[in-house]
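Before any comments, here is the structure.
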Amino acid sequence: MASVRSVALKALSGPSWSYLVPRAQTLRVRAFTATMSPPSKAVVYEQHGPPDTVTRVIELPPVEVKENDVCVKMLAAPINPSDINRIEGVYPVRPQVPAVGGYEGVGEVHSVGSAVKGLSPGDWVIPSPPSSGTWQTYIVKDQDVWHKINKDSPMEYAATITVNPLTALKMLEEFVTLNSGDVIVQNGATSIVGQCIIQLAQYRGIHSINIIRDRAGSDEAREKLKNLGADEVFTESQLEVKNVKGLLGSLPEPALGFNCVGGNAASLVLKFLRQGGTMVTYGGMSKKPITVSTSSFIFKDLSLRGFWLQKWMGTDKAKECRSMIDYLLDRAREGKLKYEMELVPFNNFHSALDKALGKQGSQPKQVLTF
Ligand SMILES: NC(=O)c1ccc[n+]([C@@H]2O[C@H](COP(=O)([O-])OP(=O)(O)OC[C@H]3O[C@@H](n4cnc5c(N)ncnc54)[C@H](OP(=O)(O)O)[C@@H]3O)[C@@H](O)[C@H]2O)c1
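For the numbering used here, add 18 to where a residue sits in the sequence shown, where the first one is 1.
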């Protein structure tokens, strides 16, 4: 599947662009029979390392659109924390270098191979399950990779609907049976996953207790989360009290907690949980470990679980995953699923990357537009 693009990428590791000459000659000979993609402008890394030093934007040569292939002109793609980890080389599954960055996004079908059914130029598609290499202007991949979506979907939501909103939805359904009136607690509530958890929970009548970090702008962040439907929002320092449960008011104790931060923020989630409650860890933004008191296990019988979307999607879940995505896009179209994003032209990739790396403090999700 990735072979077409990887042939082109191999050129990058050669001594110079002259490496491409034999391929260019081949293309001329086949020009009468083969459909070719346009050249693609791409964010490429040839080795793992700090993303701001190992990535560069280059033009990749056209590739053949084979009979089952679809050539997609990308419209938008986000920079997610896991994209950064893949480039750094610290993500458990990562593409072989040289590679094109990015993992999810949305595009418009540009051309299709002769055997392609159900997709035509002009359709909007997302790679589903997502796949590596979305930070480029044209992608050629087998038709099975692409999921056609409603063109009325807001472009930036279509580009970002899989990695974070799907994680939020799946985690709400996977671990504990929640009913209307139940409560969940989470840290990292300002993340896209966190914002989606608040709204998807509220849609089901489930309340949310939200923990955010102490930083400039935390009052504004609290108000934004409340406007999305958060019941309670606390900074970590507000929870430096003897009995955090005294802050629950009339809300019942939460049975389920979500942790994407670690360290103290994870301990706070555990403190809120009721007897027999479950904390699901899905991220580690602070890079600090989780510490659990012995009494949490003995006297509260808490359970610690983990979730990784990529693993779940890899287990024959393509169909389920696509219907959940359609559901989430419906919610976004209705304005019932919202989150903050900043759209950045692809030409400004490196300034978007700096923001995504946190070099300018807290920033909205960076979404590249092509
Ligand atoms: N396991 C999975 O399958 C899965 C799937 C999707 C996402 N994730 C993980 O979920 C997490 C959130 O992803 P996202 O894309 O939704 O996030 P995002 O929208 O890019 O937001 C980043 C979040 O991390 C917080 N943050 C950044 N640096 C931090 C630090 N040093 N200490 C504490 N908090 C920090 C930010 O808080 P501020 O607002 O205060 O800056 C913000 O809440 C990431 O860890 C990601 O890898 C995991």
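Using N, Cα and C, we set each Cβ at its ideal position, and we do this for glycine too.
Q.
Can you check which of these residues, Ser150, Pro113, Gly281, is closest to threonine 299 by C-alpha distance?
A. Here residue 299 is taken as the residue at index 281 of the sequence shown, counted from 1. The shortest C-alpha separation from threonine 299 is found at Gly281.
Q) So, helix, strand or coil for histidine 66, using DSSP? A) Taking the first residue of the sequence shown as 1, we reach residue 66 at position 48. Coil.
**Q.** Selection from Pro69, Val194, Pro382 that minimises the alpha carbon distance to glycine 275
**A.** As a first step, residue 275 must be located in the sequence shown, where it is residue number 257. Closest option to glycine 275, Cα to Cα, is Val194.
(Q) Checking 8 Å against the spacing of the C-beta atoms, do isoleucine 230 and valine 203 come in under that value? (A) If you number the sequence shown from 1, residue 230 lands on position 212. If you number the sequence shown from 1, residue 203 lands on position 185. The answer is no: Cβ separation not under 8 Å.
Q) Rounded to a whole number of angstroms, what is the C-alpha to C-alpha distance between valine 90 and serine 129? A) The residue you call residue 90 lines up with position 72 of the sequence shown. The residue you call residue 129 lines up with position 111 of the sequence shown. C-alpha separation (whole angstroms): 7 Å.
Q. Taking C-alpha atoms, which residue in Asp200, Ala234, Glu238 lies nearest to arginine 222?
A. Locating residue 222 in the sequence shown gives position 204, counting from the first residue. For arginine 222, the closest alpha carbon among the candidates Asp200, Ala234, Glu238 is that of Asp200.
Q: Would you kindly report the start and end of the unbroken beta strand (DSSP E) that includes arginine 74?
A: Here residue 74 refers to the residue found at position 56 when the sequence shown is read from its first residue. It spans 73-78 - the beta strand (DSSP E) in which arginine 74 sits, taken as one unbroken run.
Q. Does at least one heavy atom of ligand 1 sit under 7 Å from the Cβ of phenylalanine 276?
A. For this step, residue 276 is matched to residue 258 along the sequence shown. The answer is no for phenylalanine 276.
**Q.** Burial state of serine 313 (16 or more Cβ within 10 Å)
**A.** To locate residue 313, count along the sequence shown from 1; it is residue 295. Result: exposed.
Q) By Cβ distance below 6 Å, which residues in the same chain neighbour alanine 389 in space, the five residues on each side in sequence not counted? A) Here the chain comprises residues numbered 19 to 388, so residue 389 is not present and cannot be evaluated.
Q | Minimum length 4: unbroken alpha helix (DSSP H) runs contained in the segment 247-316 | A | Fully enclosed alpha helix (DSSP H) runs of 4 or longer: 281-290, 312-316.
Q) Could you give the C-beta distance for glycine 151 and alanine 117, rounded to a whole number, given that I count them as a contact under 8 Å? A) Stepping through the sequence shown from its first residue, residue 151 is reached at position 133. Stepping through the sequence shown from its first residue, residue 117 is reached at position 99. 7 Å between Cβ atoms; contact.
Q: Just list the beta strand (DSSP E) runs in the segment 329-380, keeping only unbroken ones of 3 residues or longer that don't cross its boundaries, in chain order.
A: For the beta strand (DSSP E) assignment, the uninterrupted runs of no fewer than 3 residues enclosed by the segment 329-380 are, from N- to C-terminal side, 359-363.
Q. Apart from the five residues just before and just after proline 307, which ones in its own chain have a Cβ nearer than 8 Å to its Cβ?
A. Mapped onto the sequence shown, residue 307 falls at position 289. Counting only Cβ-Cβ distances below 8 Å, and skipping sequence neighbours, we find Gly280, Gly281.
Q. Among Ser100, Pro56, Asp87, which one has its Cα closest to the Cα of proline 80?
A. Here residue 80 refers to the residue found at position 62 of the sequence shown. The shortest C-alpha separation from proline 80 is found at Pro56.
(Q) From the DSSP secondary-structure annotation, give me the bridge partner or partners of isoleucine 167. (A) Locating residue 167 in the sequence shown gives position 149, counting from the first residue. DSSP, once it has assigned bridges, lists Trp142 as partnering isoleucine 167.
Q) Does the beta-carbon of glycine 140 have 16 or more other beta-carbons within 10 angstroms, so that it is buried, or is it exposed? A) Sequence index remark: in the sequence shown, residue 140 carries index 122 (1-based). Exposed: under 16 other Cβ atoms inside 10 Å.
Q.
So leucine 243 and alanine 207 are supposed to be a Cβ contact under 8 Å. How far apart are they, rounded?
A. As a working note, residue 243 is residue 225 in the sequence shown. As a working note, residue 207 is residue 189 in the sequence shown. Sure, about 6 Å apart at Cβ, within 8 Å.
Q) If you draw a straight line from the C-alpha of tryptophan 326 to the C-alpha of tyrosine 121, how long is it? A) What you label residue 326 is simply residue 308 of the sequence shown in a count that begins at 1. What you label residue 121 is simply residue 103 of the sequence shown in a count that begins at 1. When rounded, the distance between both Cα atoms is 15 Å.
Q) If we count Cβ pairs, one from each stretch, closer than 8 Å, do we get three or more for the segment 162-178 versus the segment 90-104? A) Three or more pairs of CB atoms, one per stretch, sit closer than 8 Å, so the segment 162-178 contacts the segment 90-104.
Q: Starting from leucine 322, follow the beta strand (DSSP E) in both directions and report where the run begins and ends.
A: Working through the sequence shown from its first residue, we reach residue 322 at position 304. Its beta strand (DSSP E) spans residues 321-324.
Q) Which residues bound the beta strand (DSSP E) around valine 17? A) No answer is possible for residue 17: the residues shown for the chain start at 19 and end at 388.
Q.
If distances are taken between C-alpha atoms only, which option among Leu347, Met342, Phe290 comes closest to leucine 320?
A. Your numbering for residue 320 matches position 302 in the sequence shown. Selected option, being the one with the closest Cα: Phe290.
Q) valine 385 to glutamate 360, Cα distance in whole Å? A) Here residue 385 corresponds to residue number 367 of the sequence shown, with the count starting at 1. Here residue 360 corresponds to residue number 342 of the sequence shown, with the count starting at 1. Cα atoms of valine 385 and glutamate 360: separation of roughly 6 Å, rounded to the nearest angstrom.
**Q.** Simplified DSSP assignment, three categories, for isoleucine 227
**A.** Residue numbering aside, residue 227 sits at position 209 when the sequence shown is read from its first letter. In this structure, isoleucine 227 counts as strand in the three-state DSSP scheme.
(Q) My output table needs one value for proline 56: the three-state DSSP class, helix, strand or coil. (A) As a position in the sequence shown, residue 56 is number 38, starting the count at 1. Note: proline 56 maps to coil in three-state DSSP.
**Q.** Of the residues Lys329, Leu288, Thr296, the one placed nearest valine 310, counting alpha carbons only
**A.** Position 292 of the sequence shown, counted from the first residue, corresponds to residue 310. Of the candidates Lys329, Leu288, Thr296, the one whose C-alpha sits nearest the C-alpha of valine 310 is Leu288.
(Q) If you reduce the DSSP assignment to three classes, tell me which class valine 211 lands in. (A) Translated into the one-based positions of the sequence shown, residue 211 becomes position 193. Three-state DSSP puts valine 211 in a helix.
Q | tyrosine 300 beta carbon near ligand 1 (any heavy atom closer than 7 Å) | A | The residue labelled residue 300 in the question sits at position 282 within the sequence shown. Tyrosine 300 has its CB nearer than 7 Å to a heavy atom of ligand 1.
Q) Going by other Cβ atoms of all chains shown within 10 Å of its Cβ, with 16 needed for buried, is aspartate 344 buried or exposed? A) On the sequence shown, position 326 is the one that residue 344 refers to. Its Cβ having fewer than 16 others within 10 Å, aspartate 344 is exposed.
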